[in-house]
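Student:
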Amino acid sequence: MASTGGRVARERRFHLLQMVRDQGEVEVTDIQQLLGVSLETIRRDLRLMEAQGQVRRTYGRVYPVESGVVETSLDVRHEINPEEKARIAATVVTRIGDAQTIFVDEGFTTQLIAQRLPRDRRLTIVTPSLPIATLLAARPNIQVIILGGRVRGNTLGVVDQWAAQMLERFNIDLALLGANGVSVERGMSTPDPAVAAVKRAALLSASRRIMSGAHHKFTTTTFVTFAQITDFEEIITGHELSVNVAHRLQLAGAKVTRV
9 MASTGGRVAR ERRFHLLQMV RDQGEVEVTD IQQLLGVSLE TIRRDLRLME
59 AQGQVRRTYG RVYPVESGVV ETSLDVRHEI NPEEKARIAA TVVTRIGDAQ
109 TIFVDEGFTT QLIAQRLPRD RRLTIVTPSL PIATLLAARP NIQVIILGGR
159 VRGNTLGVVD QWAAQMLERF NIDLALLGAN GVSVERGMST PDPAVAAVKR
209 AALLSASRRI MSGAHHKFTT TTFVTFAQIT DFEEIITGHE LSVNVAHRLQ
259 LAGAKVTRV
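For the sequence shown, my numbering assigns the number 9 to the initial residue and increments by one for each residue that follows.
(1) Quick check on DSSP: helix, strand or coil for P90?
(2) Output the distance between the C-alpha atoms of I154 and R65, rounded to the nearest integer angstrom.
(3) Out of A17, V70, Y67, which has the shortest C-alpha to C-alpha gap to G44?
(4) Cα separation between A10 and A202?
(5) Would you say the region 242 to 249 touches the region 120 to 135, given that touching needs at least three Cβ pairs under 8 Å?
(6) In whole angstroms, what separates the C-alpha of T227 from that of N89?
(7) So is S213 buried or exposed if we call it buried at 16+ other beta carbons inside 10 Å?
(8) Using the Cα positions of V112 and I150, report the straight-line distance between them to the nearest angstrom.
(9) Mind checking who A183 pairs with in its DSSP beta bridge?
(10) Which residue from R160, Q236, G189, M174 puts its Cα closest to that of P139?
(11) Which stretch, first to last residue, makes up the alpha helix (DSSP H) that contains F178?
(12) Kindly indicate the opening and closing residues of the beta strand (DSSP E) around P139.
(13) In chain order, what residues of the same chain lie with their CB nearer than 8 Å to the CB of L56, ignoring the 5 residues before and after it?
(14) Starting from S266 and walking both ways along the alpha helix (DSSP H), at which residues does that stretch end?
(15) Give the DSSP-derived three-state secondary structure of L47 in the structure shown.
(16) Give me the residue from T99, D106, L175, D128 with the minimum Cα distance to T135.
(17) Who are the Cβ neighbours of V73 in its own chain at under 7 Å, not counting the five residues just before and after it?
(18) Nearest to K225 by alpha carbon, out of A97, G68, T265, M196?
(19) Given this structure, state the Cα-to-Cα distance separating E19 from E33, to the nearest angstrom.
(20) Specify the secondary structure class of I104 as computed by DSSP and reduced to three states.
(21) Could you tell me if V264 is buried or exposed, where buried requires 16 or more neighbouring beta carbons within 10 angstroms of its beta carbon?
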């Protein structure tokens, strides 16, 4: 009986993990209703899965932890904390200053930033993101330079050595970067080495760097580190990030803004 119960629990956690990875963000109460077990059982499963580095829990919600083999798609990212990401994007745009050449990273938050870019001044935008390039190409005040290389199907971002080599030739005023994981110990990370290479090249090409990301990215580490938290003039996230985590980052030398 014990082995049967263990198998049932493993199968339940497997389905739970697939649900979180497919949806990107799930309410704990919704999980209980869908799986038909007690709330305490779900919480026990989630504690174990969090300890194993498979999920993260904040404010009654569960998020997948990305790794070298697991990364959420752009469609899923649209559904995770959209209000928080909109606040972050609006704040990032106020930090552009007099930058004329701007690197805009791939991702959903950076798409929101791109939508809010000024319309009353000329800008050159360098991006590895097909959706961002498409969004901005029709704007008369913006010249778009899209990086060349392999297109990743899940994010429609351009990667590999061709993209990184293009960036090495540019002198960029401001890089607006995202990350899949942010931690004091491991810095900024992403699951894909090819993506990390592009982000690193953008970082090195830029005079100024700003990182933006929703609160659930913090205290998480994914496969490849591409920067340290002190490489950025500012890290902008939502007020959902705990004061304690923000304080730890600040003690380590980062400027953190919660909006």
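Where a beta carbon is used, it is the ideal one built from N, C-alpha and C, also for glycine.
These numbers come from a predicted model, not from an experiment.
Tutor: Looking at the atomic coordinates:
(1) helix
(2) 36 Å
(3) A17
(4) Since pLDDT at A10 reaches only 48, below the 50 mark, its modelled position is unreliable, and the value read off the structure follows with that caveat. The straight-line gap from Cα to Cα measures roughly 45 Å.
(5) no
(6) 17 Å
(7) buried
(8) 13 Å
(9) F111, R217
(10) R160
(11) Segment: none, F178 is in no alpha helix (DSSP H) and carries neither H nor E.
(12) From DSSP, P139 is part of no beta strand (DSSP E) but of the alpha helix (DSSP H) over 138 to 145.
(13) R21
(14) The sequence as given places Arg at residue 266; Ser does not occur at that position. Segment 264 to 266 is the beta strand (DSSP E) holding R266; no alpha helix (DSSP H) there.
(15) helix
(16) L175
(17) G61, Q62, V63, R64, T228
(18) M196
(19) 20 Å
(20) coil
(21) buried
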